[in-house]
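Enquirer: The structure under discussion is supplied below as structure tokens; questions concerning it will follow.
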Amino acid sequence: MSSEELQVIEPLQIGPYVIRGTVGEGAFSVVKLVCHAETHLYYACKIVPKTRINTPSLQERFELEIRINQQLHHPGVVAIYDLLRDENNYYVIMEFCPNGELFQYIVDREHLSEQEARPFVRQVLETLKYIHDNGISHRDLKPENLLLDSMGKVKLSDFGLSRYIPANGLVDTPCGSPCYASPECISGNSYNGRTTDVWSIGVIIYAMLTGQLPWTKRNQAQLFAQIKRGEYSIPNFLSETCQSFVRGLMTVNVNDRLTIEQALDHPWLSGVPNQYDAHEVTYQRVSLKLVDRVFCYDVDEEDLQNLGIERKNTTENLTFTKTLKMCKRGAVRHHTHGAHSHDHQSNHANPHSTAANSHSTAANSHSTATNSNTLVNVNTNSHTNVISNSNHSPNQITKKKSPTISTDYTNPKQKIPVNPVMQNRPKQMIHTTYAQRGSQGPRPKSILQARPVIQKPVINK
């Protein structure tokens, strides 16, 4: 179903958040730019209509996306700040990344130089290593899901297809974007959840450095056959070290493919410092307890009947929540809740978010679900919102404060805040054809063929 058919009953204000404009739209959600009425800080709000997740599998997938995102405490992961619902929608308040998607960043510059791409690649690899170490496979890595914050750093978003990795490391079901999917992922068999993400990183690097995709086939069956055989050519204008790096990531045999650790130690990334402090930890504001409240796991039967909501399997939820808590402590590395048998490509819109994460204990949280017309906020004081649960500013990373960008957040007519350094930097564009830059063989697909051109956010005046 196309994004134009998405019907959202949109309020003028969501709790303390005032809608300022539209950031993006997908088949299952629309993302709005919102401003907190008291702090005047900007966030991205993903609005998910309940009518679009009206099957058990879609509801489970949406809930798992929230729970996985909530579990990850890393500056390279887009953070969730608040979670609300009313009779029509779920509202996920997330970081707002004003510099948009890495996809658009590449398109605007045609392609990136190796020097410019290296820090981006190390940031993604460090974040992905953290995610894998926590027993999670993303399974939908692509430039559209990599967002640039106000300082130009990459943040990983959209965990709609992510899964907990079992003890044997294998996950099921083909999913993700075909052009970035690994050969084993589209084979129909079980595959390693970590190595499939590594392949996707290789395709992303190829797209960053060439502005093209490695594949020349347009028909999906022929495309899949080309991917499974690993038939691609690397332009010779890239350095030999870079070519070796890309080939190591995009090796069909998973046993010969580079691991995350090997990729981080590859000579192509030598001289690029670690992008994140090993002791730098960020905390999500939304706790598991708050998520349970929004998904009605702690509401009395009488309240559920008044809301017209059927209780989910309590035993199943307790096992699931307990497993998540154990995963956070590193006690287990796999998911006992069971994977979906009907995964398909995620069509969630991406929130363009920035800011850092903070910790929320949700000690003052309580269920405010009294009737179907009530906006349910998981915090006691809905006007101070989750910001009151922490001593840290929403734009502050624990132990490291982000440099201040001179922007008047109190002016509702101001354009989306953009870091002047990112805004004014020269575009690294080489106005030559792919052939003139040293390609051989058929012209690869442009990354624009994998997805329509992104529209810039529309801001209400």
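Going left to right, the sequence shown walks through residues 1 to 461 as the UniProt record's numbering numbers them.
Ideal Cβ positions, reconstructed from N, Cα and C, are used throughout, including at glycine.
Quantities reported herein were computed from a predicted structural model and do not represent experimental measurements.
Just to confirm my understanding: we take Phe-245, look at its own chain, exclude 5 residues before and 5 after, and list those with CB closer than 7 Å. What are they?
Expert: Only His-266 and Trp-268 meet the Cβ criterion.
Enquirer: For Arg-85, count neighbouring C-beta atoms within 10 Å of its own C-beta (all shown protein chains included) and say buried if the count is 16 or more, exposed if not.
Expert: Arg-85 should be labelled buried.
Enquirer: Determine the closest residue to Ile-66 out of Arg-52, His-74, Pro-56 and Tyr-90, with distance taken between C-alpha atoms.
Expert: Tyr-90
Enquirer: Any idea which residues DSSP pairs Asn-192 with across the strands?
Expert: Bridge pairing for Asn-192: Leu-170 [DSSP].
Enquirer: Starting from Cys-45, trace the beta strand (DSSP E) in both directions and tell me its first and last residue.
Expert: 42–49
Enquirer: Which same chain residues, not among the five before or five after Gln-7, have their C-beta less than 6 Å away from its C-beta?
Expert: Take Gln-7, set aside five residues on each side of it, and no residue of its chain has a beta-carbon closer than 6 Å to its own.
Enquirer: From the DSSP output, read off the bridge partner residues of Arg-61.
Expert: Answer is none; Arg-61 lacks a bridge partner.
Enquirer: For the candidate residues Ile-53, Val-198, Glu-63 and Gln-275, whose alpha-carbon lies nearest to that of Met-151?
Expert: Gln-275
Enquirer: Decide if His-111 is buried, meaning its Cβ has at least 16 other Cβ atoms within 10 Å, or exposed.
Expert: Sixteen is the threshold: when 16 or more other Cβ atoms of the shown chains lie within 10 Å of the Cβ of His-111, as they do, the residue is buried.
Enquirer: By DSSP, does residue 465 sit in helix, in strand, or in coil?
Expert: Here the chain has residues from 1 to 461 only, and residue 465 is not among them.
Enquirer: Any idea if Ser-57 is buried or exposed, counting beta-carbon neighbours within 10 angstroms, 16 or more meaning buried?
Expert: exposed
Enquirer: CB-CB under 7 Å to Ile-47, same chain, minus the five flanking residues each way: which ones, in chain order?
Expert: Val-8, Glu-10, Ser-29, Val-30, Lys-32, Asn-89 and Tyr-91
Enquirer: List the whole-angstrom C-beta distance separating Ile-93 from Tyr-42, where the pair is believed to meet the contact cut-off of C-beta under 8 Å.
Expert: Contact flag wrong, Cβ pair sits at about 11 Å.
Enquirer: How would you write the range of the beta strand (DSSP E) that Thr-22 sits in, first residue to last?
Expert: 17–25
Enquirer: Could you give the DSSP three-state label for Arg-85: helix, strand or coil?
Expert: strand
Enquirer: Consider the Cβ of Phe-103: report whether some Cβ of chain C lies at a distance smaller than 9 Å.
Expert: The structure shown has no chain C; it contains just one protein chain.
Enquirer: Looking at the secondary structure, which residues open and close the beta strand (DSSP E) in which Val-31 lies?
Expert: 30–36
Enquirer: Quick one: what does DSSP say Ile-234 is sitting in, helix, strand or coil?
Expert: Here Ile-234 sits in coil by DSSP.
Enquirer: Among Val-18, Gly-26, Asp-256 and Asn-134, whose alpha-carbon lies nearest the alpha-carbon of Thr-39?
Expert: Val-18
Enquirer: Name the residue from Glu-144, Asn-69, Gly-188 and Lys-153 whose alpha carbon lies nearest to the alpha carbon of Asp-172.
Expert: Gly-188
Enquirer: Using a threshold of 9 Å, state whether the C-beta atoms of Gly-202 and Leu-249 are closer than that.
Expert: yes
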